[in-house]
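Peer 1: The sequence shown begins at 16 in the working numbering and counts up by one. Sharing a structure below in structure tokens format, with a few things to ask.
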Amino acid sequence: MASSSLTPMEDAIRSKLTAALAPTTLEIWNDSHKHSHHKAMEGVTSKETHFRLVITSATFASKPQLARHRVVNSLLKEELEREGGIHALQLRTLTPEEEERLMKRAKELESQGEESK
Numbered sequence: 016m017a018s019s020s021l022t023p024m025e026d027a028i029r030s031k032l033t034a035a036l037a038p039t040t041l042e043i044w045n046d047s048h049k050h051s052h053h054k055a056m057e058g059v060t061s062k063e064t065h066f067r068l069v070i071t072s073a074t075f076a077s078k079p080q081l082a083r084h085r086v087v088n089s090l091l092k093e094e095l096e097r098e099g100g101i102h103a104l105q106l107r108t109l110t111p112e113e114e115e116r117l118m119k120r121a122k123e124l125e126s127q128g129e130e131s132k
């Protein structure tokens, strides 16, 4: 049965990453429209080729960034290799602890900015 989704690639990304990584945060931006005029995109029929992802998962604990990216790339291997598939993938991979530290720091900076007004 064919999918009637308007975003089959995004749906596949979300499904695979959710199943394998059980992320506490999974943000997906389809930036394909920003690149549709590029020479490499001529003749490509897919409207889903460029993605930016933020993934927070305990699976990334004790792994350096490169290893985390390899995990994601291996999960999306089919989508990356498929004709008309993912052409560009920007990743931000965090552990829950890293995300918590970043959020805490952002709140501190925000409150400092409010104090200086």
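Ideal Cβ placement from N, Cα and C applies to all residues, glycine included.
Kindly confirm or deny that the segment 102-110 and the segment 65-74 touch, where touching means at least three C-beta pairs closer than 8 Å.
Peer 2: Verdict: yes, contact present.
Peer 1: His52 to Lys62, Cα distance in whole Å?
Peer 2: Any answer about His52 is weak, because its pLDDT of 49 lies below 50 and its placement is not dependable; what the coordinates show is given next. Answer to the nearest angstrom: the Cα atoms are 12 Å apart.
Peer 1: May I ask you to verify whether the segment 28-37 touches the segment 88-103, counting CB pairs closer than 8 Å and requiring at least 3?
Peer 2: The answer is yes - the segment 88-103 touches the segment 28-37, with three or more Cβ pairs under 8 Å.
Peer 1: Which of the three DSSP states, helix, strand or coil, is assigned to Thr33?
Peer 2: DSSP places Thr33 in helix when its eight states are reduced to three.
Peer 1: Please classify Leu91 as buried or exposed, where buried requires at least 16 other C-beta atoms within 10 Å of its C-beta.
Peer 2: Leu91 comes out buried.
Peer 1: With the cut-off set at 7 Å, would you say Ala73 and Pro111 are in Cβ contact?
Peer 2: Cβ atoms of Ala73 and Pro111: closer than 7 Å.
Peer 1: Please identify the residue among Gln127, Val86 and Met118 whose C-alpha is closest to the C-alpha of Leu36.
Peer 2: Nearest option by C-alpha distance: Val86.
Peer 1: Taking the continuous alpha helix (DSSP H) assigned at Glu6, which residues delimit it?
Peer 2: The first residue shown for the chain is 16 and the last is 132, placing residue 6 beyond what the model contains.
Peer 1: Taking the C-alpha atoms as reference points, what is the distance between Leu21 and Ser89?
Peer 2: Approximately 24 Å between the Cα atoms of the pair.
Peer 1: Using the rule of at least 16 other Cβ atoms within 10 Å of the residue's Cβ for burial, across every protein chain shown, is Arg116 buried or exposed?
Peer 2: The residue is exposed, with fewer than 16 neighbouring Cβ atoms inside 10 Å.
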